[in-house]
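In our numbering, the protein residues as written are 6 to 313.
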Ligand SMILES: [Zn+2]
């Protein structure tokens, strides 16, 4: 009997697996290293081998996969982080699994994370969810009426690359300048802090360090350090601008902030809300902006949701 769902969250450094029952209860999880050599040719065979080691294929109802790139109708359009070009995951996995009865579904990792939070996390009970994952970069996810928003090119919900800044012109990994990710990700926070340290003569504990993390800046901001607070305030103003524009486009039920930076918690939400309401008035008087709750597991939960 087919009683398990496998969620596979493929990242540039590791592949995370989750074994779920049909109700979406996580029974087991593990991970393997991502081997990106030879144009990423070894990734799918390694995924299949790892699943076979853990679960009898005849017991698997479906495998959901999240990948860090645009996905349209279960086909990866391209994926720089995995050295992948276009890949039809359903066809390739069915060939590797030798079992066409296993359902295969794929989605963009950030969209899938938003779905995971809707399925079992902070957005449970909602059907229209917008999620920003603030890490080294910014992942954007949108679920509209329960469906992942892929768009016509698979580039729907690339919220981290919406342009919000014309002042600093920090370069983005995508080749543009001024993307949200350049000013509100962990990397963006560090860039803003370094600039503020140069522009201002104010004392700051940050001046003690040759290099520092975004977490350091957040911690000092919470302690009231002027430069750190100015930096986080500015980063969250940019994020609020992005969220306000998406809110006035979609008017979602809930907006989630996830990723490493989100560990700062309510401190960030308060700063975002301060600007958000200025920017959405008079149309939005009450918004539901929350911290995501599943952490690194949001992806595998979302992959399981794809099979539901
Ligand atoms: Zn960009």
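For each residue, glycine too, the CB sits at the ideal point set by N, CA and C. Bear in mind that the values here come from a model prediction, so they are computed numbers and not experimental data.
Spatially closest choice to residue i from the options, by CA coordinates
i: residue 57; options: 72, 242, 38, 22; result: 22
i: residue 208; options: 189, 225, 38; result: 225
i: residue 210; options: 221, 292, 241; result: 221
i: residue 206; options: 135, 231, 193; result: 231
i: residue 1; options: 54, 308, 182; result: Any question about residue 1 goes unanswered here, given that the chain covers just 6 to 313.
i: residue 268; options: 163, 165, 138; result: 138
i: residue 89; options: 69, 16, 191; result: 16
i: residue 187; options: 142, 214, 266, 215; result: 142
i: residue 249; options: 264, 68, 135; result: 135
i: residue 8; options: 18, 45, 62; result: 62
i: residue 1; options: 152, 49, 162, 64; result: Since the first residue shown for the chain is 6 and the last is 313, residue 1 is missing from the structure and cannot be characterised.
i: residue 179; options: 199, 163, 266, 60; result: 163
i: residue 66; options: 299, 106, 199; result: 106
i: residue 227; options: 174, 272, 201; result: 272
i: residue 165; options: 108, 182, 278; result: 182
i: residue 173; options: 157, 146, 148, 201; result: 201
i: residue 157; options: 59, 289, 26, 76; result: 76
i: residue 258; options: 119, 28, 34; result: 119
i: residue 263; options: 295, 229, 184, 68; result: 295
i: residue 27; options: 47, 64, 38; result: 64
Simplified DSSP assignment, three categories, for residue i
i: residue 210; result: helix
i: residue 288; result: coil
i: residue 233; result: helix
i: residue 295; result: strand
i: residue 159; result: coil
i: residue 38; result: strand
i: residue 153; result: strand
i: residue 92; result: strand
i: residue 114; result: helix
i: residue 314; result: Any question about residue 314 goes unanswered here, given that the chain covers just 6 to 313.
i: residue 84; result: strand
i: residue 138; result: strand
i: residue 32; result: strand
i: residue 67; result: strand
i: residue 9; result: strand
i: residue 27; result: coil
i: residue 143; result: strand
i: residue 256; result: coil
i: residue 105; result: coil
i: residue 19; result: strand
i: residue 73; result: coil
i: residue 14; result: strand
i: residue 179; result: coil
Buried versus exposed call for residue i [16 or more other C-beta atoms within 10 Å across all chains shown]
i: residue 6; result: exposed
i: residue 126; result: buried
i: residue 24; result: buried
i: residue 114; result: buried
i: residue 302; result: buried
i: residue 32; result: exposed
i: residue 14; result: buried
i: residue 252; result: buried
i: residue 217; result: buried
i: residue 4; result: No statement about residue 4 is possible, as the shown extent of the chain runs from 6 to 313 and does not include it.
i: residue 203; result: exposed
i: residue 59; result: exposed
i: residue 3; result: Any property of residue 3 remains undetermined from this structure, which presents the chain solely from 6 to 313.
i: residue 1; result: Any answer about residue 1 is impossible in this case: the structure gives the chain only from 6 up to 313.
i: residue 155; result: buried
i: residue 12; result: buried
i: residue 18; result: exposed
i: residue 161; result: buried
Proximity of residue i and residue j at Cβ, strictly below 8 Å
i: residue 51; j: residue 81; result: no
i: residue 240; j: residue 197; result: yes
i: residue 292; j: residue 260; result: yes
i: residue 85; j: residue 71; result: no
i: residue 99; j: residue 91; result: no
i: residue 170; j: residue 280; result: no
i: residue 309; j: residue 124; result: yes
i: residue 122; j: residue 247; result: no
i: residue 36; j: residue 20; result: yes
i: residue 236; j: residue 168; result: no
i: residue 133; j: residue 276; result: no
i: residue 146; j: residue 116; result: yes
i: residue 87; j: residue 144; result: no
i: residue 191; j: residue 265; result: yes
i: residue 79; j: residue 109; result: yes
i: residue 69; j: residue 10; result: yes
Interface flag, residue i vs chain D, CB-CB below 8 Å
i: residue 83; result: Any reference to chain D falls outside this structure, which holds one protein chain only.
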